[in-house]
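Each residue of the sequence shown is one higher than the one before, counting from 633 in the working numbering.
To keep things clear, I will list the structure first and then write my remarks on it.
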Amino acid sequence: MALITSFLQESGYRVIAASDAKEALEKIAQYKPDVVVTDVVMPGMSGFELCRSLKKNPETEKLPIVVCTSKNQELDRLWAMKQGADAYVTKPFSREDLVRALKSVMV
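Structure follows, in structure tokens:
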């Protein structure tokens, strides 16, 4: 999470970090972000579950989601998209990769 936060801050984005999906849901409700960046593997609730939760909620269904993960198989990417992800970035990734993914979903 520290690397993603650093990359985004260096690129001029304001970052609100969460340590798990439950905290992310609380912060999303509070701060109304423009985009969500999540990993797949998190304590308590996976990034896929977070995607589904956000896309099922009328208040967040249009919120763009970027999944950053070490899962680099095509099936993983397709599954993430089916769960509601709008972009998928595999680790290791560069700052440019992450920013490109953000820009692609923030229309």
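For each residue, glycine too, the CB sits at the ideal point set by N, CA and C.
Note that the structure is predicted; figures quoted are calculated from it, not measured.
Query: Along the chain, where does the beta strand (DSSP E) that runs through Ile697 open and close?; Result: 697 to 701
Query: In the DSSP assignment, find the beta strand (DSSP E) that holds Thr670 and state where it starts and stops.; Result: 668 to 670
Query: Mapping the DSSP letters down to three states, classify Thr692 as helix, strand or coil.; Result: coil
Query: Taking three-plus beta-carbon pairs below 8 angstroms as touching, is the region 688 to 702 in contact with the region 641 to 648?; Result: no
Query: Are three or more beta carbon pairs between the region 676 to 693 and the region 713 to 726 nearer than 8 angstroms?; Result: yes
Query: Compare the C-alpha of Leu635 against each of Met738, Glu728, Ser736, Val739 and name the closest.; Result: Glu728
Query: Can you find at least 3 beta carbon pairs, one from the region 659 to 672 and one from the region 695 to 709, that sit closer than 8 angstroms?; Result: yes
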